[in-house]
Amino acid sequence: MSVTTRDGGASATAGRAGGDRDPAIFGIRGLAALALLTVHVAMFSGLLGTKALGTPRPPSNFLGAFFVSGLPSFIGVFFVLPALYLYLPLARAIIAGRPRPPQGATMVRRLMRLLPAYYLMYLVVLVALNRDAIDGPWYVLRPLLLLQIYSPSPFAPHFINGMEVSWTVPSMVQWYLALPLIAWASHRFAARGATPVARARRLLLPVPVLIAIGVGWLFFVKGNGWDNRMVFWWPQGFAPTIGIGLGLAVLLALSQVSPGDTPRLLRFAALRPGLFWVAAIAVYLVNCARPFSVIGMDAIYSTSGLFMTYLMVALFGLFASLPLVSPGAARTRMVDAVLTARPVVHLGKVSYGVYLWHFAVMHFYLQPGAVFSGAVRPIRELYGTAGFWELETVTLLGAVLLATLSHRLFEQPLAALVDAALARRRRSTPRPPALLRAPLLAAATVDVLSPPQAGAAVAAAVTDRDAIQANLVDLERHLDRHLLAAAELTGESARRWAAARADLAQLWTVYHAYSAVVDEVVGPFAGPGQPSGAELARVSALLDQASVVVTGPPPPLARRRITDDGRVELTVAAAVARMDELFRGIAEVVTAAEAVWETAGARLDRIDAALAHRATGDGTDPEPTVQRAGRLRAALRTDPLARWRDGTVVTDDLDELLRSLEHLVA
73 MSVTTRDGGA
83 SATAGRAGGD
93 RDPAIFGIRG
103 LAALALLTVH
113 VAMFSGLLGT
123 KALGTPRPPS
133 NFLGAFFVSG
143 LPSFIGVFFV
153 LPALYLYLPL
163 ARAIIAGRPR
173 PPQGATMVRR
183 LMRLLPAYYL
193 MYLVVLVALN
203 RDAIDGPWYV
213 LRPLLLLQIY
223 SPSPFAPHFI
233 NGMEVSWTVP
243 SMVQWYLALP
253 LIAWASHRFA
263 ARGATPVARA
273 RRLLLPVPVL
283 IAIGVGWLFF
293 VKGNGWDNRM
303 VFWWPQGFAP
313 TIGIGLGLAV
323 LLALSQVSPG
333 DTPRLLRFAA
343 LRPGLFWVAA
353 IAVYLVNCAR
363 PFSVIGMDAI
373 YSTSGLFMTY
383 LMVALFGLFA
393 SLPLVSPGAA
403 RTRMVDAVLT
413 ARPVVHLGKV
423 SYGVYLWHFA
433 VMHFYLQPGA
443 VFSGAVRPIR
453 ELYGTAGFWE
463 LETVTLLGAV
473 LLATLSHRLF
483 EQPLAALVDA
493 ALARRRRSTP
503 RPPALLRAPL
513 LAAATVDVLS
523 PPQAGAAVAA
533 AVTDRDAIQA
543 NLVDLERHLD
553 RHLLAAAELT
563 GESARRWAAA
573 RADLAQLWTV
583 YHAYSAVVDE
593 VVGPFAGPGQ
603 PSGAELARVS
613 ALLDQASVVV
623 TGPPPPLARR
633 RITDDGRVEL
643 TVAAAVARMD
653 ELFRGIAEVV
663 TAAEAVWETA
673 GARLDRIDAA
683 LAHRATGDGT
693 DPEPTVQRAG
703 RLRAALRTDP
713 LARWRDGTVV
723 TDDLDELLRS
733 LEHLVA
């Protein structure tokens, strides 16, 4: 059992957008590639026992087999992360209320990063390891058409020497094509949500459906007596892990569109990443024990045992991914040192090639003469002909070498050519019709800017937009904002923070609508040459008239007019003014809480110190005072804004208590 993919797109980790992927993402992929290579080496070196060769063969080393048995859990990483990255831009657009981004160029890039390396490997193993097995055109065409996973009835795996794990390539290609279709099918339903949160919740509907499809497929395969490997060979076998990746993409997209509504799961993973790494390790150890199956053996021999492995793969993918993609996640020093080590990161960068080549390397090493003679034996007939550490070393070094050469000499140059061709096509494509439409109102009502005036206005709009975004990010990262969001607030603080959260959600909604207008006015100035007259008219109208359209729930009933439907149209200047008003109100709440926690917290620290001195000074503990101090600290934690009056922190009761304690100590 093995899998890996080549995923494209920007990293989901906060602050690492664009082409620079967090090294830890490569690191976890590198460990996953090493884990799966080790599992296959253990299978055919005899470290893992097997019942697949007729007479059961026990593991050659029970302790080693125990720890290797849990490594298939890493498969979850290879499906959860790509599904997250592939679905994230689609989910982000739907949650923000924007059209889905076009997928043509994106799909070309993804397939070109997946298929050429696969075809190169297939050509090599076809000639070197399978030329004597060719019995017709269909033998050659089936892997080229990605149909080798669909064997005729009865459903028995069809192996090609050196490509024993190639089933994951057609499976992932089909998921590449399916995810945009899932987004298309969900868009209309999700778009009916009035807020980003409502749209995100609706967009999560496919997640339980995919999980149910995967679990149902498992029992269908077992119920028909098909080979266990058929559970994973067909795309629906990994529907649960794809569903988890899709769900994480929706949660992450919500945190990016409306950071004030960042889901609790992501907040908790960001604050306590170590707990999720511990959970991932626990999942691995449970899989080592092979519940309902046989420890140290190479396959799952019961439906319940197979289901447990299914569950462990999905949970490991979830727990190992969350600490890496949650916005603002704290770094766990030891984990970070492992995942960002240069050898591990490099292994992650070439992990797709390691996956493609490692079975071929085992064939080349275990039967070198067969490459020339053509008398190649299936790898299952070579079971136990080399020791584990011998085969592990040779396979790892050989696979990394071939993967690195393929990556640098073939895959990267080809990807660069494809990117350049797509860029040329994009530059030569006519302007989108949206930029050529008539102005928002009649042209006579709009003062059309000259090219220099329009260029200056667009540059100023971009500068303002960048400054607004930077200030919004600072607000989101503010420590006390996170403390307010995590606390169980009561009283005045609960009321004001609820209002501030609503304002924060509205602020991000206005910002995204405003940012979309800025993106549109930038378009005519992005290419060579001057904008046309129609484009200048359009840009002038967008900058001057009510072009920022904000949709959301209507106002509360007490403040609602009969025509209110939640739709507000603002000029660019009015949108900036509205964002400034909301920002100031939210910042006031956050800074007020910060001032209270700092000032009153310092008083309580001095009170605690005085209580400790009093207790150690005469051996007594003033219990009523201790209880009172505890109540004051609890109140400070749950309702800090109760101490904020007219721009100052009220500490009269704390000062009185502190003076009395200091008098007693003196």
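For the sequence shown, this note's numbering assigns the number 73 to the initial residue and increments by one for each residue that follows. A virtual CB, placed ideally from N, CA and C, is assigned to each residue, including glycine.
- Message: For a minimum of 3 consecutive residues, which ranges assigned as the beta strand (DSSP E) are wholly contained in the segment 434 to 458?
- Response: none
- Cα-Cα, which of Val-279, Ala-124, Cys-360, Pro-485 is closest to Leu-320? Counted from its first residue, the sequence shown places residue 320 at position 248. Cα-wise, what sits closest to Leu-320 is Val-279.
- Beta-carbon proximity list for Phe-391, same chain, < 6 Å, skipping 5 on both sides: Taking the sequence shown and counting its residues from 1, the one referred to as residue 391 is at position 319. For Phe-391, where only same-chain residues beyond five positions count, the Cβ hits under 6 Å are Phe-348, Ala-351, Ala-352.
- With 16 other Cβ atoms within 10 Å as the buried cut-off, status of Ser-445: Position 373 of the sequence shown, counted from the first residue, corresponds to residue 445. When all chains shown are included, Ser-445 counts as exposed.
- Query: Once you ignore the five residues that flank Leu-276 on each side, which residues in its own chain have a CB closer than 7 Å to its CB?
  - Reply: The sequence position of residue 276 within the sequence shown is 204, counting from 1. For Leu-276, where only same-chain residues beyond five positions count, the Cβ hits under 7 Å are Gly-319, Val-322.
- Could you say which of Asn-543, Ala-528, Thr-412, Phe-151 lies nearest to Leu-615 if we only look at CA atoms? Locating residue 615 in the sequence shown gives position 543, where the first residue counts as 1. Residue Ala-528 is the option with its Cα nearest to Leu-615.
- Message: Using the Cβ count rule (16 or more neighbours within 10 Å means buried), how would you classify Thr-457?
- Response: Here residue 457 refers to the residue found at position 385 of the sequence shown. It counts as exposed.
- Query: If you check the beta carbons only, do Met-380 and Ile-540 fall under 8 Å apart?
  - Reply: Counting from one through the sequence shown, the residue named residue 380 turns up at place 308. Counting from one through the sequence shown, the residue named residue 540 turns up at place 468. No, the pair does not count as a contact, with Cβ atoms beyond the cut-off.
- Item | Cβ distance (whole Å) where Val-329 is taken to contact Ala-168 below 8 Å | Residue mapping note: residue 329 aligns to position 257 of the sequence shown, counting from 1. Residue mapping note: residue 168 aligns to position 96 of the sequence shown, counting from 1. Rounded, the Cβ-Cβ distance is 5 Å, consistent with contact.
- How many angstroms separate the CA atom of Lys-421 from the CA atom of Leu-726? Position 349 of the sequence shown, counting from 1, holds the residue named residue 421. Position 654 of the sequence shown, counting from 1, holds the residue named residue 726. One C-alpha to the other measures close to 57 Å.
- Query: When the Cβ atoms of the segment 261 to 276 are set against those of the segment 171 to 191, are three or more pairs found closer than 8 Å?
  - Reply: no
- Where Leu-217 sits in the DSSP three-state scheme: Counting from 1 along the sequence shown, the entry for residue 217 is found at position 145. It is coil, neither helix nor strand.
- Message: Need the endpoints of the beta strand (DSSP E) that Leu-642 sits in, please.
- Response: Taking the first residue of the sequence shown as 1, we reach residue 642 at position 570. Its beta strand (DSSP E) spans residues 639 to 642.
- Task: Starting from the N-terminal side, write out each stretch of the beta strand (DSSP E) that is 3 residues or longer and does not extend beyond the segment 350 to 394.
- Result: none
- CB Gly-368 to CB Phe-134, shorter than 8 Å? Translated into positions along the sequence shown, residue 368 becomes position 296. Translated into positions along the sequence shown, residue 134 becomes position 62. Yes, they are a contact pair.
- Message: Which of the three DSSP states is assigned to Thr-623 in this structure?
- Response: As a first step, residue 623 must be located in the sequence shown, where it is residue number 551. Thr-623 falls in the strand class under three-state DSSP.
- Could you pull out every residue in the same chain whose Cβ sits closer than 8 Å to the Cβ of Glu-728, ignoring the five residues on either side in sequence? Along the sequence shown, one-based indexing puts residue 728 at 656. Correct list: empty, nothing qualifies.
- Does DSSP put Thr-334 in a helix, in a strand, or in coil? Position 262 of the sequence shown holds residue 334. Coil, per DSSP.
- How big is the Cα-Cα spacing for Ser-522 and Leu-608? Stepping through the sequence shown from its first residue, residue 522 is reached at position 450. Stepping through the sequence shown from its first residue, residue 608 is reached at position 536. When rounded, the distance between both Cα atoms is 7 Å.
- Beta-carbon spacing of Cys-360, Phe-116 below 8 Å: Locating residue 360 in the sequence shown gives position 288, where the first residue counts as 1. Locating residue 116 in the sequence shown gives position 44, where the first residue counts as 1. For Cys-360 and Phe-116, no; Cβs fall outside 8 Å.
- Given 8 Å as the limit, is there contact between the segment 466 to 478 and the segment 411 to 431, that is, 3 or more CB pairs closer than that? yes
- Query: How many Å lie between Ile-314 and Phe-151 at the Cα?
  - Reply: Here residue 314 is taken as the residue at index 242 of the sequence shown, counted from 1. Here residue 151 is taken as the residue at index 79 of the sequence shown, counted from 1. Roughly 6 Å separates the two Cα atoms.
- Taking 8 Å as the cut-off, decide whether the C-beta atoms of Asn-233 and Pro-450 are in contact. In the sequence shown, the residue the question calls residue 233 occupies position 161. In the sequence shown, the residue the question calls residue 450 occupies position 378. Cβ distance < 8 Å, so Asn-233 and Pro-450 count as in contact.
- Could you have a look at Ala-514 and say whether DSSP puts it in helix, strand or coil? In the sequence shown, the residue the question calls residue 514 occupies position 442. Unreliable positioning characterises Ala-514 in this predicted model, as indicated by a pLDDT of 38, which lies under 50. The coordinate reading is nonetheless provided below. Residue state, collapsed to three classes: coil.
- Task: Return the chain-ordered list of same chain residues with a C-beta closer than 7 Å to the C-beta of Leu-561, the five sequence neighbours on each side being excluded.
- Result: Translated into positions along the sequence shown, residue 561 becomes position 489. Excluding sequence neighbours, Leu-561 sits near Trp-569, Thr-710, Asp-711.
- Item | Reference Tyr-157; option with closest CA among Gly-295, Ile-316, Leu-192 | Within the sequence shown, residue 157 is the residue found at index 85, counting from 1. Closest by alpha carbon: Ile-316.
- Query: Is Gly-425 helix, strand or coil when you go by DSSP?
  - Reply: Along the sequence shown, read from residue 1 onward, the residue named residue 425 stands at position 353. Note: Gly-425 maps to helix in three-state DSSP.
- Message: Restricting to runs no shorter than 4 residues, where is the alpha helix (DSSP H) found entirely within the segment 278 to 343?
- Response: 278 to 295, 302 to 305, 311 to 329, 336 to 343
- Message: Pull the bridge partners of Thr-122 from the DSSP assignment, please.
- Response: The sequence position of residue 122 within the sequence shown is 50, counting from 1. Beta-bridge pairing links Thr-122 to Arg-129.
- Message: In whole angstroms, give me the CA-to-CA distance for Pro-171 and Thr-671.
- Response: For the purposes of this step, residue 171 is taken as residue 99 along the sequence shown, with counting starting at 1. For the purposes of this step, residue 671 is taken as residue 599 along the sequence shown, with counting starting at 1. Cα to Cα, the separation comes out at about 48 Å.
- Message: Less than 8 Å between the beta carbons of Val-668 and Ser-619, yes or no?
- Response: As a working mapping, residue 668 is identified with position 596 in the sequence shown. As a working mapping, residue 619 is identified with position 547 in the sequence shown. Cβ distance not < 8 Å, so Val-668 and Ser-619 don't count as in contact.
- Arg-101 - containing alpha helix (DSSP H), residue span: On the sequence shown, position 29 is the one that residue 101 refers to. Per DSSP, Arg-101 belongs to the alpha helix (DSSP H) from 95 to 117.
- Message: Output needed for Pro-226: all residues of its chain with C-beta closer than 8 Å, excluding positions within five of it in sequence on either side, in chain order.
- Response: Along the sequence shown, one-based indexing puts residue 226 at 154. Unreliable positioning characterises Pro-226 in this predicted model, as indicated by a pLDDT of 42, which lies under 50. The coordinate reading is nonetheless provided below. Excluding sequence neighbours, Pro-226 sits near Trp-298.
- Quick one: give me the first and last residue of the alpha helix (DSSP H) that Leu-135 is part of. The residue you call residue 135 lines up with position 63 of the sequence shown. Run containing Leu-135: 134 to 141, per the alpha helix (DSSP H) assignment.
- Message: DSSP three-state label for Val-589, please.
- Response: Mapped onto the sequence shown, residue 589 falls at position 517. Note: Val-589 maps to helix in three-state DSSP.
- Task: Alpha carbon to alpha carbon, how far is Pro-331 from Pro-363? Give it in angstroms, no decimals.
- Result: Locating residue 363 in the sequence shown gives position 291, counting from the first residue. Locating residue 331 in the sequence shown gives position 259, counting from the first residue. Those two C-alpha atoms are separated by around 40 Å.
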